[in-house]
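In our numbering, the protein residues as written are 11 to 189. Cβ coordinates follow ideal geometry from the N, Cα and C atoms, glycine included.
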């Protein structure tokens, strides 16, 4: 079968140019905006975790650490903000997660798997439990490790980041219901 223009003439069509959609695609290209590292503005946020449900708070904080709340979000760059979490001792687990959900650690040696109930981890090292929960919601690569460094978690109400003037971040949908 003949190709190109001769095939169209053989079919009775007299097209001598390409369809308009191809013509526009070729000449009017629009490039995607990618922010430079120096153009990214990082804001500090402080979250009071008292009475907040752990998982709901963690999803919101992970989104802010990634920078998904910004118009300049780019998946391959760290565009996120810094987050300070205070009162991690007073975070809430819903349902039976305190006894049923387990935390697993492995030493790297045969038989080195250890497990603990999440409630025990939360009562002993609540800052590490919150950090671990948020880390699980970030990318598992170099970028995720860079993002988790912007998270600061403290067990009590005080934190040493007052000089950064953190803005309070209220996460209402994570508030535990009181009944």
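Going by alpha carbons, who is nearest to residue i out of the options?
| i | options | result |
| --- | --- | --- |
| residue 139 | 46, 98 and 88 | 98 |
| residue 165 | 127, 117 and 136 | 136 |
| residue 51 | 91, 65 and 112 | 91 |
| residue 45 | 63, 57 and 89 | 89 |
| residue 112 | 118, 132, 95 and 96 | 132 |
| residue 172 | 125, 94 and 115 | 94 |
| residue 161 | 116, 96, 127 and 168 | 96 |
| residue 178 | 115, 83, 71 and 49 | 71 |
| residue 73 | 125, 158 and 123 | 158 |
| residue 175 | 82, 57, 142 and 78 | 57 |
| residue 187 | 53, 40 and 62 | 62 |
| residue 151 | 87, 124, 77 and 141 | 87 |
| residue 163 | 47, 48 and 55 | 55 |
Identify whether residue i lies in helix, strand or coil by the three-state DSSP scheme.
| i | result |
| --- | --- |
| residue 75 | helix |
| residue 40 | coil |
| residue 103 | coil |
| residue 58 | strand |
| residue 183 | helix |
| residue 177 | strand |
| residue 87 | coil |
Roughly how many angstroms lie between the CA atoms of residue i and residue j, to the nearest whole one?
| i | j | result |
| --- | --- | --- |
| residue 144 | residue 68 | 5 Å |
| residue 180 | residue 119 | 43 Å |
| residue 34 | residue 75 | Residue placement at residue 34 is flagged as unreliable, the pLDDT there being 49, under the threshold of 50; a coordinate-derived value is accordingly withheld. |
| residue 108 | residue 101 | 12 Å |
| residue 85 | residue 153 | 9 Å |
| residue 106 | residue 128 | 10 Å |
| residue 191 | residue 169 | Because the chain spans 11 through 189 in this model, residue 191 falls outside it and cannot be assessed. |
| residue 43 | residue 64 | 35 Å |
| residue 148 | residue 130 | 24 Å |
| residue 115 | residue 155 | 18 Å |
| residue 83 | residue 110 | 36 Å |
| residue 60 | residue 39 | 50 Å |
| residue 184 | residue 167 | 19 Å |
| residue 103 | residue 182 | 16 Å |
| residue 134 | residue 142 | 14 Å |
*Runs of beta strand (DSSP E) wholly within the stretch 121-160 (minimum 3 residues, chain order)*: 123-127
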